[in-house]
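Following: one structure in structure tokens, then a few remarks.
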Amino acid sequence: MTDHSSGTEDGEASGILIPLHEARNARLDQPVRFDRRELDQILRLYGRMVAANEWRDYAIDHLTDRAVFSVFRRASEVPLFQIVKDPKLARRQGAFAVIAAGGRILKRGQELGRVLGVFDAKLKVVEA
-16 MTDHSSGTED GEASGILIPL HEARNARLDQ PVRFDRRELD QILRLYGRMV AANEWRDYAI
44 DHLTDRAVFS VFRRASEVPL FQIVKDPKLA RRQGAFAVIA AGGRILKRGQ ELGRVLGVFD
104 AKLKVVEA
């Protein structure tokens, strides 16, 4: 003899139904964030620049429409650069952008690694 006290053998599912529009609204109300992989790439770059004595402080802002990683030379200054993730621009110009202190967009693209390439040291040809 088996125990049928769980009540699930009559065909009723034990799951809870959530209306799709409520799930979408709950997801849209959350701020935009950098995921773990993106934050890892940004913090690696930040570590290299701190070791080179270029950057000294940072701030992360999670806003409703975008996420911003701001880099400072000193904490009391305006940010030198801002690394921005804006999902609304993902299909057009790319979700990621690097913006300089004056507001000029240095690079924009779909892949964060390529956008962060703007900070890589450029090799120059030296005449001997």
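Numbering-wise, this note's numbering puts 2 at position 19 of the sequence shown, and it's gapless, one number per residue.
Ideal Cβ positions, reconstructed from N, Cα and C, are used throughout, including at glycine.
Along the chain, where does the alpha helix (DSSP H) containing residue i start, and where does it finish?
| i | result |
| --- | --- |
| V33 | 19 to 34 |
| G96 | 95 to 99 |
Do residue i and residue j have their C-beta atoms closer together than 8 Å?
| i | j | result |
| --- | --- | --- |
| L28 | L99 | yes |
| F55 | L46 | no |
| L95 | E21 | yes |
| A50 | R97 | no |
| A80 | V61 | no |
| A78 | Q65 | no |
| A35 | S53 | no |
Closest by CA to residue i, which one among the options?
| i | options | result |
| --- | --- | --- |
| D103 | F17, H4, I25, A73 | I25 |
| D48 | D69, D40, Q65 | D69 |
| V101 | V108, R91, E110, V109 | R91 |
| A58 | R39, R75, R74, K71 | R39 |
Would you mind reading off the limits of the beta strand (DSSP E) that contains residue i?
| i | result |
| --- | --- |
| A66 | Reading the sequence as shown, one finds Ile at residue 66 and not Ala. Counting along the chain, the beta strand (DSSP E) containing I66 begins and ends at 64 to 68. |
| G92 | 88 to 92 |
| S53 | 50 to 55 |
| I82 | 79 to 83 |
| D44 | 40 to 45 |
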